[in-house]
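Inspection log for the structure reproduced underneath, given as structure tokens.
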Amino acid sequence: LKIPNRGRDSVPRKPFTYDEYKKLISACTAKGDEIRTLILVVCLTGARPSEVAGIRREDIFLDEDYPHFDLVEYSNRTLKTKNSARKVPLVPIAAKAVKNLLGTHQEPVLFPRYCDGNDVSGDNVSAATRKYTASLGIDKTLYSARHTVKTLLDRAGIQEYLALVIVTGK
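So the sequence shown is residues 4 to 173, counted in the working numbering.
As structure tokens, then:
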């Protein structure tokens with residue numbers, strides 16, 4: 004079976020510039036509503052937007068020595084690859100944002116607008132985050148955050164295999 008343009012039809016994503024990244028993080032910390040908290044967590048962890056959107060309360064561990072959330076499959080929620088299941092560390096600003104958002108509702112998931120506890124609405128996450136980044140004058144999708152985190156890890160001298168584990172779980 005021949006697939007036209009196989010391997011040539013994807014668009015390479017570029018990381019956010021320093022100014023874009025700073026602007027996005029500042030805007031998201033200024034108002035910690037659901038979409039901005041989701042964007043902030045993605046920007047500070049390198050996790051995929053749909054992975055973050057499906058976090059449940061029971062997957063969040065803020066009172067540990069190293070605050071983190073676990074990415075796991077459950078119900079109809081699947082992860083992109085087998086190796087995507089992992090513990091994702093939260094830097095203090097992200098941990099605080101998650102804690103604040105948890106205090107605003109009692110739903111079993113962190114982002115009830117984008118996950119019902121069984122399924123993640125990836126299309127809604129993509130549309131909402133794209134709309135928000137565009138409102139800030141940033142012409143990139145939130146998926147660029149993964150590339151930004153990887154670039155920052157490279158610049159910090161983190162060995163390649165550790166950087167890949169942090170961002171992809173592989």
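Virtual Cβ for every residue (Gly too), placed ideally from N, Cα, C.
Check each candidate in the options and name the one with the smallest Cα separation from residue i.
i: Asn-86; options: Val-94, Leu-74, Pro-95, Ala-97; result: Leu-74
i: Gly-180; options: Ala-148, Tyr-77, His-108, Val-101; result: In the structure as shown, the chain begins at 4 and stops at 173. Residue 180 is therefore absent and cannot be evaluated.
i: Phe-19; options: Leu-145, Leu-156, Asp-62, Gln-162; result: Leu-145
i: Lys-90; options: Glu-23, Asp-62, Cys-46, Ala-130; result: Asp-62
i: Pro-95; options: Glu-67, His-150, Asp-142, Ile-161; result: Glu-67
i: Leu-43; options: Thr-151, Gln-162, Gly-106; result: Thr-151
i: Gly-106; options: Thr-136, Lys-83, Lys-153, Arg-60; result: Arg-60
i: Gly-140; options: Leu-47, Lys-26, Lys-17; result: Lys-26
i: Val-112; options: Leu-82, Thr-32, Leu-41, Ala-97; result: Leu-41
i: Pro-115; options: Asp-126, Leu-155, Thr-84, Ala-56; result: Ala-56
i: Asn-121; options: Tyr-77, Ala-30, Ala-97, Thr-84; result: Tyr-77
Can you tell me whether residue i is helix, strand or coil according to DSSP?
i: Tyr-77; result: strand
i: Arg-16; result: coil
i: Ile-161; result: coil
i: Ile-1; result: This structure cannot speak to residue 1, because the chain is shown only from 4 to 173.
Can you say whether residue i is buried or exposed, counting buried as having 16 or more other CB atoms within 10 angstroms of its CB?
i: His-108; result: exposed
i: Ala-100; result: buried
i: Val-45; result: buried
i: Leu-65; result: exposed
i: Gly-160; result: exposed
i: Pro-70; result: buried
i: Lys-153; result: buried
i: Arg-80; result: buried
i: Thr-136; result: buried
i: Arg-158; result: exposed
Complete runs of the beta strand (DSSP E) confined to the stretch 77-145 [at least 3 residues]: Every beta strand (DSSP E) of 3 residues or more that sits fully in the stretch 77-145 is shown, in chain order, as 89-92.
Stretch pair the stretch 128-146 + the stretch 33-52: three plus CB contacts closer than 8 Å: Counting Cβ pairs under 8 Å, three or more are found: they touch.
Secondary structure, alpha helix (DSSP H): runs of 4+ residues fully inside the stretch 23-56: Restricting attention to alpha helix (DSSP H) runs no shorter than 4 residues, the stretch 23-56 encloses them at 37-48, 52-56, ordered along the chain.
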